[in-house]
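Worksheet: one structure, shown below.
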Amino acid sequence: MSLTDKDFQQIRFIVREEATSIMDAKLRERIDPIDEKIDTLSGQSEAIGNDVRAIYFMISDMTKRIDQKSLLDPNFLKLPEKEQLLRLNDVLLATAKRLGVTLPR
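Encoded structure:
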């Protein structure tokens, strides 16, 4: 008994399907851990974005308070820059303490 062209076509199809299935399984084994790492990085990126947003609003709030204090205290702008910085630092530390934020040193 000899194989016909139709038999060869069926064999090729089966081999191709099996090879594709095996390759898909192997590829999935490699891709799944990468997907998990990407998900982790995505979550960390979102957390960093939220932190940056919170810091932005904290600075904005602090700036408004400084501007208000500057407007209330006309002598502030007359102070030497070093004294202005020291006062701004005091406001920054007080704001951070009030918000429960630990500032880097």
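The numbering of the sequence shown is the numbering used here, which starts it at 92 and goes up by one.
Positions of the beta carbon are idealized from the N, C-alpha and C atoms, including for glycine.
Residue i, enclosing alpha helix (DSSP H) - first and last residue
i: residue 178; result: 172-190
Straight-line gap, residue i to residue j (C-alpha atoms, nearest Å)
i: residue 96; j: residue 107; result: 16 Å
i: residue 178; j: residue 145; result: 23 Å
Cβ-based neighbour list, residue i, same chain, cut-off 8 Å, excluding 5 preceding and 5 following
i: residue 151; result: none
Residue i - DSSP class collapsed to helix/strand/coil
i: residue 118; result: helix
i: residue 95; result: coil
i: residue 193; result: coil
Cut-off 7 Å between Cβ atoms - residues of its own chain near residue i, not counting five sequence neighbours on either side
i: residue 157; result: 179 and 182
Residues near residue i by beta carbon distance below 6 Å, same chain, minus five either side
i: residue 187; result: 194
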